[in-house]
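Undergrad: Could you have a look at this structure, given as structure tokens, before my questions?
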Amino acid sequence: MFALADCNNFFCSCERVFNPSLEGRPLVVLTNNDGCICARSNEAKALGLGMAVPVYQVRDILQAHNVAVRSSNYQLYADMSGRVMSILARYAPKIDIYSIDEAFLNFGTLTATPDELGEYARGMAATVKQSTGIPISVGVAHTRTLAKVASRFAKKYKGYRGAAVIDTSQQRRKALSMTEVGDVWGIGRRYAAKLARYGIKTALEFAELPPEWVKRNMTITGLRTWQELNGQPCIEVEPLPRKKSIVTSRSFPGKGLGRLADVEEALANFAARTAWKVWNEGSVATDVAVWTHTSRFRTDCPGDTISAVIHLPTPTADVPTMVSAAMSVLRKGWKGDGRHLYKKGGFMAMGLEDATLGVQANLFDNTDHTRRARLMRAMEAINSRQGRDTVRIATQGYSSSWHITANHLSRHFTTDITQLLRV
Amino acid sequence: MSLNKKYVADIESGRTPAPDISGIRPGGFPSPARDYMKEAPDLNNILTPNRPAAFFARAANDNMMRRGIFKGDLLIIDKSATPRSGDIVLVWVDDAYTLRIHPCGIAPWGVVVFNVHYQRSGIHR
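Chains A and B, in that order, give the protein sequences. In terms of the working numbering, the numbers along the first sequence are unbroken and rise by one, the last being 450. In terms of the working numbering, the numbers along the second sequence are unbroken and rise by one, the last being 126.
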């Protein structure tokens, strides 16, 4: 049997652990640059505040109802997620962490009745709550897809006391009849719309379709979802294959950046961050893309895009090489007439390959790659002990003109010795 | 100024080498200690055996000095521990965190299990 453990309103719950005055109140957490809503407490949902709505559209609601607002504190959320997952991992032979706030537990051949598993899951949720302050909901069933269905019931109805079990065929059919087909794991908006055209609205109606129809109209992936809804486990959560590309991209604060020095600093940092991500994956990149553009929403000032793809002479993860590439694109494309405010920029490393497989040297490339690799290892050793970017490329600079606006950021209570709770 | 080269970091391995006492250098004398080697005590295991539930806090005042906690001390809190009578607990009251002795009429956020007090003068991070 499988369980799906899902943190309730995760970002909001993290904020509440370190500030209990946020309990029971409407609370929203915002995306980068405090732009949109990315998490809502139940009280905020009740006020009609939707997911991903831009803040400027609901400012009046936020003020009228005294809704608490927080900027995304990813450092805190990542740390709290690690704590939750560590505890969950104690409860099953195999755990698959699915996202920052969800994990599948595979109980394997654990011999327990579904009722026993339900109580076991409640105990697990109680331990997570006691140890970290984060409330979770657990769904238990014979397949991962059904466990996910069950977890929605556990989250929605207090009567389940934190864990809902789908075991018998009767329970399964009842649960599926109360679940919209678009809410099933693996069935997205497109398929939900297609199924609606055939009159299929609930997960039960979908599960009762002939399998041949499902395979023909929703491919083998759709068929696997169908099989899982009918009680046959067949979906594995596989580890991600080597990434083919890695991006670092951010919007810029306020109306945007007008000075070349500021945009250079931002892009240098995006390039360095990307290079390190490539390095940490054990990959090398063959091409890089650099871009920055003005706001696509503003009609009152001139728009401009600077972008290019650069082919690297030798596949590499070298930070100085990537930063240089970014700088050359920017300097070449810079208009210099002071009329443009760039609102977003990004850097992408592409064509990623396994660094250990040996790299085809380029006859015309003068770079001493062995020496560069030693430099990377030295930087890595220093930065891992003294902090990220302790040793950095000079163009990365130290200004914060390009840093995202986060006016409502709570402290890094668990990851920064200078920002601990004061008691 | 000449460089006083006393120690060269082993950049190839990415780490500065620790003295190797496992005694497996070719041509050298094997260490008599190699069957008895044990790692030094790990403070992480001693101070925070239950890592997911271990949180740090900073004492903001001397209110608990009768229990040896002074302003600036680093507190280690176990959020999973069941409080016992006499424990120093962290509680949320009047919109702030504070330390109390259990039982105090308020459900504790966690139990203070260790206090790290810097014994030298001056501030320590």
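Here a beta-carbon is modelled for each residue, glycine too, at the ideal position from N, C-alpha and C.
1. Taking Cβ positions, are leucine 402 of chain A and serine 178 of chain A nearer each other than 7 Å?
2. Name, please, each residue of chain B whose Cβ falls closer than 7 Å to the Cβ of isoleucine 64 of chain A.
3. When you compare each of A:Gly62, A:Gln157, A:Leu357, A:Ala316 to alanine 82 of chain B by their alpha carbons, which one comes out closest?
4. Does any residue of chain B have a CB that is nearer than 7 Å to the CB of proline 47 of chain A?
5. So is aspartate 74 of chain B in contact with chain A if we call contact Cβ pairs under 7 Å?
6. Could you confirm whether any beta carbon from chain B is found closer than 7 Å to the beta carbon of leucine 447 of chain A?
7. If you draw a straight line from the alpha carbon of alanine 190 of chain A to that of alanine 148 of chain A, how long is it in whole angstroms?
8. Per the DSSP calculation, methionine 375 of chain A is bridged to which residue(s)?
9. If I measure Cβ to Cβ from glutamate 13 of chain B and keep anything under 6 Å in the same chain, skipping five residues before and after, which residues do I get?
10. Between which residues of its own chain and valine 117 of chain B is the CB-CB distance below 6 Å, once the five residues before and five after are set aside?
11. If you run the structure through DSSP and keep just helix, strand and coil, what is alanine 352 of chain A?
12. Cutting at 7 Å between CB atoms, please list the residues of its own chain near aspartate 61 of chain A, excluding the five before and the five after it.
13. Let me make sure I understand the geometry here. Which of A:Ile409, A:Lys359, A:Pro340, A:Asp381 has the alpha-carbon closest to that of aspartate 395 of chain A?
14. Against chain A, does glycine 24 of chain B count as a neighbour if the rule is that its beta carbon must be under 7 Å from one of theirs?
15. State yes or no: is the beta carbon of proline 53 of chain B nearer than 7 Å to at least one beta carbon in chain A?
16. Give the DSSP-derived three-state secondary structure of asparagine 45 of chain B in the structure shown.
17. Using CA coordinates, which residue listed in A:Thr154, A:Pro141, A:Tyr184 is at the minimum distance from threonine 170 of chain A?
18. Which same chain residues, not among the five before or five after glycine 15 of chain B, have their C-beta less than 7 Å away from its C-beta?
19. Any beta carbon of chain B sitting closer than 7 Å to that of cysteine 41 of chain A?
20. For my contact list, alanine 293 of chain A and phenylalanine 279 of chain A are in at a C-beta cut-off of 8 Å; report their separation, rounded to the angstrom.
21. Closer than 7 Å, Cβ to Cβ, to anything on chain B: give me those residues from the stretch 88–120 of chain A, in chain order.
22. Check for me: the alpha helix (DSSP H) holding proline 141 of chain A runs from which residue to which?
23. Report yes if the CB atom of glycine 122 of chain A is closer than 7 Å to the CB atom of leucine 137 of chain A, and no otherwise.
24. In terms of residue numbering, what span does the beta strand (DSSP E) encompassing leucine 533 of chain A cover?
25. From valine 5 of chain A to cysteine 65 of chain A, what does the alpha carbon distance come to, in whole angstroms?
26. Tell me, to the nearest whole angstrom, how far the beta carbon of alanine 61 of chain B is from that of isoleucine 70 of chain B; I am working on the premise that it is less than 8 Å.
27. Which residues share a DSSP beta bridge with leucine 31 of chain A?
28. Are the stretch 357–369 of chain A and the stretch 416–424 of chain A in contact at 8 Å, needing three or more beta carbon pairs?
29. At a Cβ cut of 7 Å, what residues of the stretch 89–111 of chain B count as close to chain A, listed as they run along the chain?
30. Give a yes or no on whether 7 Å exceeds the smallest Cβ distance from lysine 80 of chain B to chain A.
31. One question on the structure: do histidine 439 of chain A and leucine 103 of chain A come within less than 7 Å of each other, judged by their Cβ atoms?
32. Across which residues does DSSP place threonine 343 of chain A in a beta bridge pair?
33. Counting only the same chain and skipping the five closest in sequence on each side, list residues whose C-beta sits under 8 Å from that of lysine 6 of chain B.
34. Determine, using beta carbons only, whether cysteine 41 of chain A and methionine 112 of chain A come nearer to each other than 7 Å.
35. Are the C-beta of arginine 59 of chain B and some C-beta of chain A separated by less than 7 Å?
36. Thinking C-alpha only, which one of B:Trp110, B:Leu48, B:Asn45, B:Phe115 is nearest threonine 159 of chain A?
TA: According to the structure data:
1. Your numbering for residue 402 of chain A matches position 375 in the first sequence. Your numbering for residue 178 of chain A matches position 151 in the first sequence. No, the Cβ-Cβ distance between leucine 402 of chain A and serine 178 of chain A is not below 7 Å.
2. As a working mapping, residue 64 of chain A is identified with position 37 in the first sequence. Those within 7 Å of isoleucine 64 of chain A in chain B number zero; the least Cβ separation is about 25 Å.
3. Numbered from its first residue, the second sequence carries residue 82 of chain B at position 81. Comparing Cα positions, the closest option is A:Gln157.
4. Residue 47 of chain A sits at position 20 when you count from the first residue of the first sequence. At least one chain B Cβ lies under 7 Å of proline 47 of chain A.
5. For this step, residue 74 of chain B is matched to residue 73 along the second sequence. Not an interface residue.
6. Taking the first sequence and counting its residues from 1, one reaches residue 447 of chain A at position 420. For leucine 447 of chain A, the answer is yes, since a Cβ of chain B falls inside 7 Å of its Cβ.
7. Sequence index remark: in the first sequence, residue 190 of chain A carries index 163 (1-based). Sequence index remark: in the first sequence, residue 148 of chain A carries index 121 (1-based). Their Cα atoms are separated by approximately 6 Å.
8. Indexing the first sequence from 1 puts residue 375 of chain A at position 348. Looking at the DSSP assignment, methionine 375 of chain A forms a beta bridge with A:Val274, A:Ala316.
9. Within the second sequence, residue 13 of chain B is the residue found at index 12, counting from 1. Reliability fails at glutamate 13 of chain B, whose pLDDT of 49 lies under 50, so the model's placement of it is uncertain and no value is given.
10. Taking the second sequence and counting its residues from 1, the one referred to as residue 117 of chain B is at position 116. Taken in chain order, the residues that qualify are Leu75.
11. In the first sequence, residue 352 of chain A corresponds to position 325, counting from 1. Residue state, collapsed to three classes: helix.
12. Within the first sequence, residue 61 of chain A is the residue found at index 34, counting from 1. Taken in chain order, the residues that qualify are Val82, Ser98, Thr432, Ala433, Asn434, His435.
13. To locate residue 395 of chain A, count along the first sequence from 1; it is residue 368. The residue with the shortest Cα to Cα distance from aspartate 395 of chain A is A:Pro340.
14. As a first step, residue 24 of chain B is located in the second sequence; it is residue number 23 there, counting from the start. The pLDDT assigned to glycine 24 of chain B is 49, lower than 50, so where the model puts this residue is not dependable; a value taken from the coordinates is nonetheless given after this. Closer than 7 Å: no.
15. Taking the second sequence and counting its residues from 1, one reaches residue 53 of chain B at position 52. Yes, because at least one Cβ of chain A sits closer than 7 Å to the Cβ of proline 53 of chain B.
16. For the purposes of this step, residue 45 of chain B is taken as residue 44 along the second sequence, with counting starting at 1. Secondary structure at asparagine 45 of chain B: helix, using DSSP grouped into helix, strand and coil.
17. As a working note, residue 170 of chain A is residue 143 in the first sequence. Looking at the Cα atoms, A:Pro141 is the closest of the given residues.
18. In the second sequence, counting from the first residue as 1, residue 15 of chain B sits at position 14. Residue confidence is low: glycine 15 of chain B scores 43 on pLDDT, short of 50, so the model does not pin down where it sits. Its coordinate-derived value is still stated next. Correct list: empty, nothing qualifies.
19. Along the first sequence, read from residue 1 onward, the residue named residue 41 of chain A stands at position 14. Cysteine 41 of chain A does not count as touching chain B.
20. Start at 1 with the first residue of the first sequence, and residue 293 of chain A comes out as number 266. Start at 1 with the first residue of the first sequence, and residue 279 of chain A comes out as number 252. Contact holds; Cβ gap of about 7 Å.
21. Arg110, Ser113, Ile114
22. Against the first sequence, residue 141 of chain A aligns to sequence position 114. Residues 141–159.
23. Translated into the one-based positions of the first sequence, residue 122 of chain A becomes position 95. Translated into the one-based positions of the first sequence, residue 137 of chain A becomes position 110. Per the sequence shown, the amino acid found at residue 122 of chain A is isoleucine instead of glycine. Cβ distance not < 7 Å, so isoleucine 122 of chain A and leucine 137 of chain A don't count as in contact.
24. Because residue 533 of chain A is not part of the residues shown, which for chain A are 28 to 450, the question remains open.
25. There is simply no residue 5 of chain A to check, as chain A begins at 28 and stops at 450 in what is shown.
26. Taking the second sequence and counting its residues from 1, one reaches residue 61 of chain B at position 60. Taking the second sequence and counting its residues from 1, one reaches residue 70 of chain B at position 69. The Cβ separation is near 10 Å, so there is no contact.
27. Here residue 31 of chain A corresponds to residue number 4 of the first sequence, with the count starting at 1. A:Phe131, A:Gly166, per the DSSP bridge assignment.
28. no
29. Leu91, Trp93, Asp96, Tyr98, Thr99, Leu100
30. The residue given as residue 80 of chain B occupies position 79 in the second sequence. It does; some Cβ of chain A falls within 7 Å.
31. Here residue 439 of chain A corresponds to residue number 412 of the first sequence, with the count starting at 1. Here residue 103 of chain A corresponds to residue number 76 of the first sequence, with the count starting at 1. Yes, they are a contact pair.
32. As a working note, residue 343 of chain A is residue 316 in the first sequence. Its beta-bridge partners are A:Ala312.
33. Position 5 of the second sequence, counted from the start, is the residue given in the question as residue 6 of chain B. Its pLDDT being 44, under 50, lysine 6 of chain B is placed unreliably in this model, and the coordinates cannot settle the point.
34. Position 14 of the first sequence, counted from the first residue, corresponds to residue 41 of chain A. Position 85 of the first sequence, counted from the first residue, corresponds to residue 112 of chain A. No; because the gap between Cβ atoms is not below 7 Å, this pair is not in contact.
35. Numbered from its first residue, the second sequence carries residue 59 of chain B at position 58. Answer yes: the Cβ-Cβ gap between arginine 59 of chain B and chain A drops below 7 Å somewhere.
36. The residue given as residue 159 of chain A occupies position 132 in the first sequence. Among B:Trp110, B:Leu48, B:Asn45, B:Phe115, the Cα nearest to that of threonine 159 of chain A belongs to B:Trp110.
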